[in-house]
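Residue numbers (the working numbering): 5 to 323. Ideal Cβ positions, reconstructed from N, Cα and C, are used throughout, including at glycine. In what follows, a single structure is set out as structure tokens and then discussed.
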């Protein structure tokens, strides 16, 4: 892959569809402090490299998802031992933090910062690109040797403008650094932020939360949030009832208005989902492919830095 080829296809392209789903009878008991749903969006099927994905948003809905800027679910894909790796060739990032979280399987990450490692189920990676770096992603040696399911999320956190030109870094966090909550009605892993006293040990540039939750059949749940922060849900499996008797199905995302605290949920059959959000950055977003900046001049600077090799050599990262 040459340094100019990435311009041909943007990693921030994706269409979404609003779906006004409703249920017949409510299993919720309103608290009077519940957030209202702004919109329900269905993720689109796409491919990044040879990797099949579901894209919920990419550079749109900023007022409702900031500080996040993109959400991709990769897989689930079952690979036989010895199958060709699913791969996204070396490509640059700047001004954004691509995060990777595995539900099943494992992956191989290699970058221009001299990191080269496998990341496995339950682990969380942050590629804090800052002023720019290159990485490659693929299913990797473990799945090649043993086969199995490959399933997880790449979700991009925007970087506040003050950090966009800092040196890039890569960090991997084990499951032990993310607290869990277990009750009779739900199980939750706190990837980022804090929930019901359980905390993640992962430091952030601005306040954000990221919860992986299993809601048990017939269960209700109230997720408390800061009413001044954004909040949204992505349903992985099952079906959930939201406020106003709206129904959320698998591979759909619910965006919420601010100015209220509680997210009220009910699932008759059980559900697995992500709950995300945080303090809106309230900064102009200029996104061009893998670069997320605050104005056009900064984007042009990123392109020039990549083409001149300041972010690293993609040929070296690919091998």
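Checklist entry - In chain order, what residues of the same chain have a beta carbon less than 6 Å from the beta carbon of residue 104, not counting five sequence neighbours either side? => result 129 and 158
Next on the checklist: Tell me the rounded alpha-carbon separation between residue 303 and residue 161.
Outcome noted: 17 Å
Checklist entry - Under the DSSP definition of a beta bridge, which residues are partnered with residue 202? => result 199
Next on the checklist: Give me the residue from 58, 190, 122 and 201 with the minimum Cα distance to residue 142.
Outcome noted: 122
Next on the checklist: Closest to residue 272 by C-alpha separation, out of 127, 220, 265 and 239, would be which residue?
Outcome noted: 220
Checklist entry - Pairing CB atoms from the region 61-71 with CB atoms from the region 86-99, are three or more of them under 8 Å? => result no
Checklist entry - Which ranges does the alpha helix (DSSP H) cover as unbroken runs of at least 4 residues, wholly within the region 215-247, from first to last along the chain? => result none
Checklist entry - Tell me, which residues are paired with residue 137 by DSSP? => result 97
Item to check | Span of the alpha helix (DSSP H), counted from its first residue to its last, around residue 318 | outcome: 318-322
Next on the checklist: Between 181, 83 and 67, which has its C-alpha nearest residue 55's C-alpha?
Outcome noted: 83
Checklist entry - Which residues bound the beta strand (DSSP E) around residue 289? => result Neither: residue 289 is in no beta strand (DSSP E) and is coded neither H nor E.
Item to check | Where the beta strand (DSSP E) through residue 178 begins and ends | outcome: Note, residue 178: premise wrong, no beta strand (DSSP E); not H, not E.
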